[in-house]
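Those protein sequences? They're chains A and F, same order as listed. Its first residue numbered -3, the first sequence is counted upward by one per residue in the numbering used here. Its first residue numbered -3, the second sequence is counted upward by one per residue in the numbering used here. Note sheet for the following structure.
2 protein chains.
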Amino acid sequence: MRQRLSADTYSAGILSGDRVMLSRAITVIESHLPEDRILAGNILKAILPHTGQSFRIGITGVPGVGKSTFIETLGNYVIDRNKKVAVLTIDPSSKKSGGSILADKTRMEKLSRSPGAFIRPSASNSFTGGVARNTRESILLCEAAAYDIIIVETVGVGQSETMVKGMTDFFLLLMLSGAGDELQGIKRGIMEMADAIAINKADGDNMLHAENAAQEYRNALHLFPASASGFQQKVVTCSAKHQTGIDTIWEVLADYQQCIRGNGFFERNRKSQNKDWMHDSIRYALESEFYKSQLIRRKIKTLEKAVEAGTELPLDAAEELLRLFFSKINTTENQSGQ
Amino acid sequence: MRQRLSADTYSAGILSGDRVMLSRAITVIESHLPEDRILAGNILKAILPHTGQSFRIGITGVPGVGKSTFIETLGNYVIDRNKKVAVLTIDPSSKKSGGSILADKTRMEKLSRSPGAFIRPSASNSFTGGVARNTRESILLCEAAAYDIIIVETVGVGQSETMVKGMTDFFLLLMLSGAGDELQGIKRGIMEMADAIAINKADGDNMLHAENAAQEYRNALHLFPASASGFQQKVVTCSAKHQTGIDTIWEVLADYQQCIRGNGFFERNRKSQNKDWMHDSIRYALESEFYKSQLIRRKIKTLEKAVEAGTELPLDAAEELLRLFFSKINTTENQSGQ
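Given below as C-alpha cells:
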C-alpha cells in the first residue's frame, strides 16, 4: 500500500468529491492490517454525518445476462440527468482481483471515463463476511463523496444476493428470455427478493420472446404475496445494448422511491438494515471466533462425520464443542463475578 | 412432572411402541431441568440406532385453511394403508399449551382415537430455538416407536416454516382459493419452499375457483427455478372435509419419494439437515450466551438506538460489544496457551 495519510486528509478528500482519495480510502477499509482498521474506523466516523442520502440499488443476474452493459447504460442515463453514480461490484467466486478491476473498467468503457462516475470492484479475495463489511463501508464513503445513485452489482448464483438485498433500497434482477434461458442458473428464492425484474436483450428477433416472458412473469408474480415495501414487483423489458427500456426502468425506480418514502418503508428499512448489520457482525464474529479456535478445530471434523452418518446426535456434538469453548468463559466469569 | 423413570425404561417402552411412554419421554425432552436434559440425552442415545426410517412431512398454512381437518383426513388415509402416523404440531405464537393439546385432539377426533396414530403439540411456551430442538428430538422418538409417517404441522405466518423445512423430507403448503384468499397471510418466500401446494376446500361452489387457482399456480411455479430435490413442485386441489383429492396427494408423496430416493437427494438432504442442526445449535448457543451476558445487556439498548438513528456505525457498536465479551476469553486463551 502507498503511504498512509491521516484520517482527516482522507475524509476531507472524500467530502470534496476527490475520486482518487475515495479509492484510496476504500483500499484502507479493505485492508486486514490492524492499523488500517483503526484508520478506517476514524475515516468512517468523520464522514458518517454525511452519509445516507443516496439511493442504493442492488443489481444481480447470472453471467452472460449483460450486467456490465446494463450498468454502463443505466449509469450513463443517470449521469445525463446530472446525477453522480458509483458502481461497486461483488463477486466472491472470483479469485482475480486486479484482473476484474481491469475487466470492469473495460466493460464499462464510457461510464468509467465519465467524471460523474466511480467504479470499484470489491477485493474479491476476501472472505464473505469481509465482502459484506467492505461493501457496506464503501457505500458510506461513496455517499459522503456525494454520489446520488449507488449500484451494487453481484452475480445471481451464490449467497451474495441476500447480503446485497440487506444493504440496498431496491433490488433488480436481470434475466434473459427465450427457450428456458429465463431460469438458467438463477437461484431459487432470488425472484421473490427482487423489487423489479428486467428482461434484457429484448431486441431484434428476441423482442417478442422477451415481451411474452415479461407478461408471464407479471402474471406469476401477481400470485405471490406482496413485498414488505408495499410495492408491487414490476417486470420490464430492455435492451442495454440498444439502450431501450432504460427510461421505463428509471420510471420504476422513481415510482418505487415515491412509494417507499410515502409509506415510511424507506426509513424503516434503513433503520432495520443498520440494526441487522450490527447483529450480523456480532454473529459473524462469534462464529469465526468459535470455528477458528484450536480446541474446536481439533475436534470438529470427526464429530461432523459422525453427525452426518447419524451415529452421533447433532445436539450432543454441538454441546460437546460448546462445553470446550465455553469452559473458559465461565471460569473467568465466575472468578471476576465474585 | 410425574416420577422419572430410567432411560432404559423409557427407551424400551418407546421401542415397543408404547404411546404413553413415548408421550412421557417427549415431556422429558421438553423439560428445561438439567437432570431432565441428561435423562433426555440418554434416552436419545439409546433409541438413535432405531431412527431415520420414517418419511417426514412438514405441513403449513394460515389459520382457517383447514390444517387440522386436512391432517385428520390424511392421517386416517395413511392408517387405512396399514401405516402408523405421528402428528407433531408447532405454534410458537400460541401461549396456551394445555389448551391447544385439548383443541388438537378435539379437532382430530377420529385420528386421535386410532391406535396407529400419535398426536402431540409442542410445548408452545418454549423459546424458538427450544421448539426446534424439541421437535427434532420428538421426531427421533416417534421414529424409534416405528411411526412410518411423521407430520410436523406449523402455522404459515411466522419464522417456523424455515425451521420445519429444515427437519422434514417434504414440505406441503395448504392454501385457499377465491377472491384474493390465496395470499391471505402467507409469508413471502414460503411458496418457493413448498414441494407441493394443496388448494383446500375445493368443494361445492368453490370447486371451479380452486381448479382455476391451481392451474394459475402451476403456470406460475413453472417459471421459477427448479428445487434442489429435482422434483417439480406440484399443485393439487382437495377437500379435506369431503375427503377428496387425498389420493392425489398420496400419489404426489409417492412420486416425490421415488424421485428423491432415486437421485440421492433423500440421503444428501438428511445428512445436510443433521449437519445444519449441529451448526444451528452452535450458533444458537453462541448468540444466547452473548445476548444474555450481563456485560452486553447493560450496553446494548443504547447502542442499538444510536445504530438505528445512524449516529453510530453498526460495526463500531458490534465491535465495542464483542470486545467486552471476548476480552475474557482472550485473557484465558493467552494464559493457557503459554
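Positions of the beta carbon are idealized from the N, C-alpha and C atoms, including for glycine. Just so it is clear, the structure is predicted and the values come from calculations on it, not from any experiment.
| query | result |
| --- | --- |
| Does the region 58 to 78 of chain F come close enough to the region 34 to 48 of chain F that 3 or more CB-CB pairs lie under 8 Å? | no |
| Is DSSP giving Glu315(A) helix, strand or coil here? | helix |
| Leu172(F) to His218(F), Cα distance in whole Å? | 20 Å |
| Between Glu308(A) and Leu299(A), is the Cβ-Cβ spacing less than 8 Å? | yes |
| Taking the C-alpha atoms as reference points, what is the distance between Met187(A) and Ile10(F)? | 45 Å |
| Where Glu283(F) and Ile53(A) are concerned, what is the direct C-alpha to C-alpha distance, given to the nearest angstrom? | 31 Å |
| Any idea what DSSP makes of Ala142(F), helix, strand or coil? | coil |
| Got a sec? Which residues, its chain only, sit under 6 Å from Ala82(A) by beta carbon, not counting five neighbours each side? | Phe114, Cys138, Tyr143 and Ile146 |
| Any Cβ of chain F within less than 8 Å of the Cβ of Trp246(A)? | no |
| Per DSSP, what kind of secondary structure is Val81(A) in: helix, strand or coil? | strand |
| Please compile the residues from chain A whose C-beta is within a distance smaller than 9 Å of the C-beta of Met187(F). | Glu188, Leu219, Phe220 and Pro221 |
| Tell me the DSSP secondary structure of Ile335(A) in three-state form. | Chain A is shown from -3 up to 334; residue 335(A) falls before or after that span and cannot be answered. |
| Using a 10 Å radius around the Cβ and a threshold of 16 neighbouring Cβ atoms, would you call Asn196(A) buried or exposed? | buried |
| Once the 5 residues before and after Gln228(F) are set aside, which same chain residues still bring their CB inside 6 Å of it? | none |
| To the nearest angstrom, report how far apart Val58(F) and Glu149(F) are at their CA atoms. | 11 Å |
| Just confirm the distance between the C-beta atoms of Phe166(A) and Asp191(A), as a whole number of angstroms; I'd bet it's less than 8 Å. | 5 Å |
| Kindly indicate if chain A contains any beta-carbon less than 8 Å away from that of Glu300(F). | yes |
| As a quick exercise: from Arg264(F), Ser225(F), Thr240(F) and Ser268(F), pick the residue whose alpha carbon is nearest that of Tyr252(F). | Ser225(F) |
| How about Val231(A): is its C-beta nearer than 8 Å to some C-beta of chain F? | no |
| Could you tell me whether the Cβ atoms of Met274(F) and Pro310(A) are closer together than 8 Å? | yes |
| On the premise that Phe322(A) lies in contact with Gly291(A), defined as a C-beta separation below 8 Å, what is that separation, rounded to the nearest angstrom? | Strictly speaking, residue 291(A) in this sequence is Leu, with Gly absent from that position. Not quite, the Cβ-Cβ distance comes to about 11 Å (not below 8 Å), so this is no contact. |
| Are any of the Cβ atoms in chain F nearer than 8 Å to that of Asn208(A)? | no |
| Rounded to the nearest angstrom, what separates Met17(A) and Ala305(F) at their Cα positions? | 27 Å |
| For Glu149(A), does the three-state DSSP call read helix, strand or coil? | strand |
| Less than 7 Å between C-beta atoms, sequence neighbours within five positions excluded: which residues of the same chain meet that for Ser19(F)? | Arg116 |
| Under a Cβ-count criterion, where at least 16 other Cβ atoms within 10 Å of its own Cβ denotes burial, should Ser12(A) be classed as buried or exposed? | exposed |
| Nearest to Ala313(F) by alpha carbon, out of His28(A), Lys297(A), Lys41(A) and Gly162(A)? | Lys41(A) |
| At a cut-off of 7 Å, would you count Gly162(A) as near the ligand NAD, judging by its Cβ distance to the nearest heavy atom? | Absent from the structure shown: the ligand NAD. Ligands present: none. |
| Suppose contacts are defined by Cβ-Cβ distances below 8 Å. Is Ile242(F) in contact with Tyr6(F) by that definition? | no |
| Starting from Thr307(F), trace the alpha helix (DSSP H) in both directions and tell me its first and last residue. | Run containing Thr307(F): none; DSSP gives neither H nor E here. |
| Skipping 5 residues on each side, what residues in its chain have a beta carbon closer than 8 Å to that of Met163(F)? | Arg52, Gly54, Ala128, Thr131, Arg132, Ile135, Val148, Gln269 and Trp273 |
| I want to see whether chain A comes within less than 8 Å of Met159(F), judged by CB atoms only; does it? | no |
| Taking beta-carbon pairs under 7 Å, can you tell me which members of the region 260 to 291 of chain A lie near chain F? | Lys267, Asn270, Lys271, Trp273, Met274, Ser277, Ile278, Arg279, Ala281, Leu282, Glu283, Glu285 and Phe286 |
| Nearest-angstrom Cα distance between Asp14(A) and Ala21(A)? | 11 Å |
| Just the chain F side, please: which residues come within less than 7 Å of Pro310(A) by C-beta, in chain order? | Asn270, Trp273, Met274 and Ser277 |
| For the alpha helix (DSSP H) that Arg109(F) lies in, which residues bound it at each end? | Glu105 to Arg109 |
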